[in-house]
Amino acid sequence: MLKREIERIITNSLSKSDIGFSSEIVLEAPRFLEHGDYATNVAFQLAKTLKRSPMEIADKVCGILNQDSGFSELGKASPLNGFVNIALNNQGLWTRFFAWSVDKMDFPESDDRFLVEYVSANPTGPLHIGHGRWAVIGSSLVHLLKRVGIKADSEFYINDAGNQVNLFYASVTGVRDGKGVPENGYHGAYIAELAKSDQDPLQAMLTSQRQVLKGLGVEFDEWFKESSLIQPQINNVERAISELKGLGFIYESEGAVWFKSTDFGDDKDRVVIKADGSYTYFASDIAYHYTKLTRGYTRLVNLFGADHHGYVHRIKACVKAFKGINFVDDVTFKVIIGQLVNLFRDGQPVRMSKRTGDMIMLEDVMDEIGVDATRYFLLEKSPDTHLDFDLSLAVKQSSDNPVFYVQYAYARICNILSKLDDGQLNAIKKDGIELSPSERDVVLEVLRFEDVIWHSALQLSPHKVVHYTYILAKSFHLFYEFNPILRAEPHQQAQRIIILKQLQLVFKECFGILGISAPQSM
1292 MLKREIERII TNSLSKSDIG FSSEIVLEAP RFLEHGDYAT NVAFQLAKTL
1342 KRSPMEIADK VCGILNQDSG FSELGKASPL NGFVNIALNN QGLWTRFFAW
1392 SVDKMDFPES DDRFLVEYVS ANPTGPLHIG HGRWAVIGSS LVHLLKRVGI
1442 KADSEFYIND AGNQVNLFYA SVTGVRDGKG VPENGYHGAY IAELAKSDQD
1492 PLQAMLTSQR QVLKGLGVEF DEWFKESSLI QPQINNVERA ISELKGLGFI
1542 YESEGAVWFK STDFGDDKDR VVIKADGSYT YFASDIAYHY TKLTRGYTRL
1592 VNLFGADHHG YVHRIKACVK AFKGINFVDD VTFKVIIGQL VNLFRDGQPV
1642 RMSKRTGDMI MLEDVMDEIG VDATRYFLLE KSPDTHLDFD LSLAVKQSSD
1692 NPVFYVQYAY ARICNILSKL DDGQLNAIKK DGIELSPSER DVVLEVLRFE
1742 DVIWHSALQL SPHKVVHYTY ILAKSFHLFY EFNPILRAEP HQQAQRIIIL
1792 KQLQLVFKEC FGILGISAPQ SM
């Protein structure tokens, strides 16, 4: 990783100097291109210790780095307003670029085991576009974690027990018997279709959800049924509550059994067993997360819709409570709350309502704009922001459409390389090379790939790979505009073939993480 390499070189250089700084160096991209390729605020970190101004310290740090042979081989440091700006030289970049390979990527090892739970839609209706957002974010996150060498599994939690399932069956039966949908039941054309079939409605809906998700490129390692938590031989709800009781977090009051969730930051304690002896929905959730821990996962990630925001604290509370059990050591629990998706067509809002049946189904969107566009647009923004996208834009074959823009870049690279042969690489120069500004930009972006996916994985942010892919496409289009390839001099052509080949590899890697296709022609 280029950024990690530079951070390590700077740390080593400063630790050996009279400054003696050995803390973590953090590099960021400067706001302005003319300020270099990277910048660090190390002088501000040292100001209090050395009792000197950041400007003085930045001058000294730059002097130390520029005299270090390991650093100067790669670039030059310059002070600016207390920051240390770093401009990488072309030869140092090219040496690393020429040797770079997807097979040689070296990420830090991790013993963590991730379980990413996402979608987990009630099996009482078709999947809507919001479910699609969690589906593509979750699946891309799992791809991302695996790509950097982290063990990760995916899981769909099937809510096949409880009152909502009873209402669902009653709705289908009511329509089938000509009695209509009961109060608070489920409406929509899909209920009428299920009523015409002899198939079990719940199984039919689950089969439909699986097929739609598979069509979106989303498959799960495990489909976990809520009903499996209460089995004759193993009642995990009882086991989980018993564990919490042994830890001192369960008490009885007003005839009910309560969990002390306020001990872990919740706003009130929660009932787990009602006065009538029945389990609450939360009791099932406690048991479900208990099974995640018993299966040996150390990093739990849940993707919830915005309507589950109020449920987060109690789930976090039960996971924290279980940390007192022997088999639970170092466990972290992260909830990603996804915001709503607003669809437009030609600038006009497309309305949806799950209860009335006037719903934009995920399958309809996929049919209209295709799987690649559906995945790309649903991944484009951070989950915690509302997502607006226009279905009309998603099918445009122009640079205005971001998914077309990035796929066309890849297809154009494939087309150019199909007209060339590797024999022309004999003219390649490894030393004393010259890079035009747009060539240099592509080289630097390719070398950023490992850093991007590593930090995106650590931050559980696959949308950052989308942004990177778009930047990569923009760099390529500028490169193509200003650097002739078929008519270039032999050594220039060879150099540009290498650039295209490395770009091709990185695009394909990004598309694999995002779950979109890599078309060789468009």
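Residue numbering for the sequence shown is 1292 to 1813, as defined by my numbering.
Where a beta carbon is used, it is the ideal one built from N, C-alpha and C, also for glycine.
Among the options, nearest to residue i - alpha-carbon criterion
{"i": "HIS1232", "options": "ASP1397, PRO1473 and TYR1409", "result": "Lying outside 1292 to 1813, the shown extent of the chain, residue 1232 is not represented and no answer is given."}
{"i": "LEU1590", "options": "THR1464, VAL1622, THR1571 and ALA1566", "result": "The sequence given here places Arg at residue 1590; Leu does not occur at that position. Here the closest residue by C-alpha is VAL1622."}
{"i": "GLY1601", "options": "ALA1566, THR1582, ARG1561 and VAL1734", "result": "ARG1561"}
{"i": "ALA1612", "options": "ALA1685, SER1533 and ARG1424", "result": "SER1533"}
{"i": "ASP1742", "options": "ARG1438, LYS1442, GLU1725 and PHE1802", "result": "ARG1438"}
{"i": "TYR1329", "options": "ARG1739, LYS1583 and MET1813", "result": "ARG1739"}
{"i": "GLY1508", "options": "LYS1565, VAL1662 and ALA1480", "result": "VAL1662"}
{"i": "ALA1702", "options": "MET1813, SER1363 and VAL1433", "result": "MET1813"}
{"i": "ALA1378", "options": "ASN1450, LEU1535 and LEU1356", "result": "LEU1356"}
{"i": "PHE1323", "options": "HIS1419, LEU1371, PHE1312 and THR1302", "result": "LEU1371"}
{"i": "GLU1529", "options": "HIS1754, GLU1484 and SER1575", "result": "SER1575"}
{"i": "ALA1368", "options": "PRO1321, MET1396 and LEU1485", "result": "PRO1321"}
{"i": "VAL1503", "options": "GLN1382, LYS1442, MET1346 and VAL1427", "result": "VAL1427"}
{"i": "HIS1580", "options": "GLU1654, PRO1473, GLU1446 and ASP1451", "result": "GLU1446"}
{"i": "ASN1413", "options": "GLN1494, THR1571, ILE1807 and ILE1441", "result": "GLN1494"}
{"i": "ARG1404", "options": "GLY1440, VAL1456, ASN1381 and GLU1543", "result": "GLY1440"}
{"i": "ILE1577", "options": "GLN1358, VAL1610 and ILE1541", "result": "VAL1610"}
{"i": "THR1386", "options": "LYS1442, GLU1725, GLY1537 and PHE1398", "result": "GLU1725"}
{"i": "PHE1595", "options": "LEU1384, SER1314 and VAL1407", "result": "VAL1407"}
Residue burial classification, residue i (beta-carbon count within 10 angstroms, cutoff 16)
{"i": "HIS1677", "result": "exposed"}
{"i": "MET1240", "result": "In the structure displayed, the chain extends from 1292 to 1813; residue 1240 sits before or after that span and is not available."}
{"i": "SER1411", "result": "buried"}
{"i": "PHE1767", "result": "buried"}
{"i": "ILE1525", "result": "exposed"}
{"i": "GLY1421", "result": "buried"}
{"i": "ASN1774", "result": "buried"}
{"i": "ASN1692", "result": "buried"}
{"i": "ASN1454", "result": "exposed"}
{"i": "LYS1294", "result": "buried"}
{"i": "LYS1607", "result": "buried"}
{"i": "MET1652", "result": "buried"}
{"i": "ASP1462", "result": "Checking the sequence shown, residue 1462 turns out to be Ser, not Asp. Flag for SER1462 reads buried."}
{"i": "SER1552", "result": "buried"}
{"i": "ASN1475", "result": "exposed"}
{"i": "GLN1784", "result": "buried"}
{"i": "THR1498", "result": "exposed"}
{"i": "GLU1517", "result": "buried"}
Cross-strand partners of residue i (DSSP beta bridge)
{"i": "THR1623", "result": "ARG1590"}
{"i": "ASN1526", "result": "ILE1521"}
{"i": "SER1544", "result": "ALA1547"}
{"i": "PHE1389", "result": "Note: PHE1389 sits in no beta bridge, so no partner."}
{"i": "PRO1370", "result": "VAL1375"}
{"i": "VAL1632", "result": "LEU1678"}
{"i": "LEU1406", "result": "ASP1444 and LEU1591"}
{"i": "TRP1514", "result": "PHE1447"}
{"i": "MET1652", "result": "HIS1419"}
{"i": "GLY1596", "result": "GLY1629"}
{"i": "VAL1503", "result": "According to DSSP, which records beta bridges pairwise, VAL1503 is partnered with nothing at all."}
{"i": "TYR1570", "result": "ILE1564"}
{"i": "PRO1640", "result": "PHE1635"}
Simplified DSSP assignment, three categories, for residue i
{"i": "GLN1490", "result": "coil"}
{"i": "GLY1423", "result": "helix"}
{"i": "ARG1276", "result": "Residue 1276 is absent from the model: the chain starts at 1292 and stops at 1813."}
{"i": "VAL1472", "result": "coil"}
{"i": "ASP1691", "result": "coil"}
{"i": "PRO1414", "result": "coil"}
{"i": "ALA1685", "result": "helix"}
{"i": "PRO1781", "result": "helix"}
{"i": "MET1292", "result": "coil"}
{"i": "SER1673", "result": "coil"}
{"i": "VAL1439", "result": "coil"}
{"i": "VAL1662", "result": "helix"}
{"i": "ALA1452", "result": "coil"}
{"i": "GLY1601", "result": "helix"}
{"i": "ILE1300", "result": "helix"}
{"i": "HIS1290", "result": "Shown here, the chain extends from 1292 to 1813; a query on residue 1290 therefore has no answer."}
{"i": "GLU1400", "result": "coil"}
{"i": "PHE1459", "result": "helix"}
{"i": "ALA1249", "result": "Given that the chain is displayed from residue 1292 to residue 1813, the structure contains no residue 1249 and the question cannot be resolved."}
{"i": "LEU1538", "result": "coil"}
Near the ligand FAD: residue i beta-carbon under 7 Å from a heavy atom
{"i": "GLN1522", "result": "With respect to the ligand FAD, the structure shown offers nothing to examine, as it has no ligands at all."}
| query | Quick one: complete alpha helix (DSSP H) runs, 4+ long, within the region 1308-1352? | reply | 1333-1341
| Within the region 1709-1779, ranges of the alpha helix (DSSP H) (whole runs, at least 4 residues) | 1728-1738, 1740-1749 and 1754-1773
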